[in-house]
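This report concerns only the one structure given below.
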Amino acid sequence: YWLAQIYERLETGAGTEADVDKLLDIADNIFGKSFCALGDGAASPIVSSIKYFRAEYEAHLDPASPGCPFDPYASMLAAPEGVGA
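Under my numbering, the letters of the sequence shown match residues 731 to 815, in that order.
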């Protein structure tokens, strides 16, 4: 629940550097401390994405262009037109 709220703030331009740090803090509190492997499975992608793509997280924090700076329709991974609609 907390993770989704933080990611929503980042995507809408209301995020801060503290939010990125909070993501790491929450992931650290989950990883290795859950009775279920799903906890580790939820925490690992967060830590890895920030480790390898921190610049993209920081691009979401730019006050000159708040919100997501990337066009999802320009992505090579975007579904073809009409798919998933």
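Virtual Cβ for every residue (Gly too), placed ideally from N, Cα, C.
Nearest-angstrom beta carbon gap, residue j and residue i [assumed within contact, 8 Å]
{"i": "Asp758", "j": "Ser764", "result": "The Cβ separation is near 12 Å, so there is no contact."}
{"i": "Leu768", "j": "Leu753", "result": "About 18 Å separates the two Cβ atoms, so there is no contact after all."}
{"i": "Cys798", "j": "Glu741", "result": "5 Å"}
Buried versus exposed, by CB contacts within 10 Å (16 or more), residue i
{"i": "Ala748", "result": "exposed"}
{"i": "Gly745", "result": "buried"}
{"i": "Ala773", "result": "buried"}
Candidates the options, of which the one nearest residue i by Cα
{"i": "Ala794", "options": "Gly762, Tyr731, Gly743", "result": "Gly743"}
{"i": "Ala789", "options": "Gln735, Cys766, Val750", "result": "Val750"}
Original post:
Touching or not, the stretch 772 to 786 and the stretch 743 to 762, by the rule of three or more beta carbon pairs under 8 Å?
Top reply: At 8 Å Cβ cutoff, the stretches touch.
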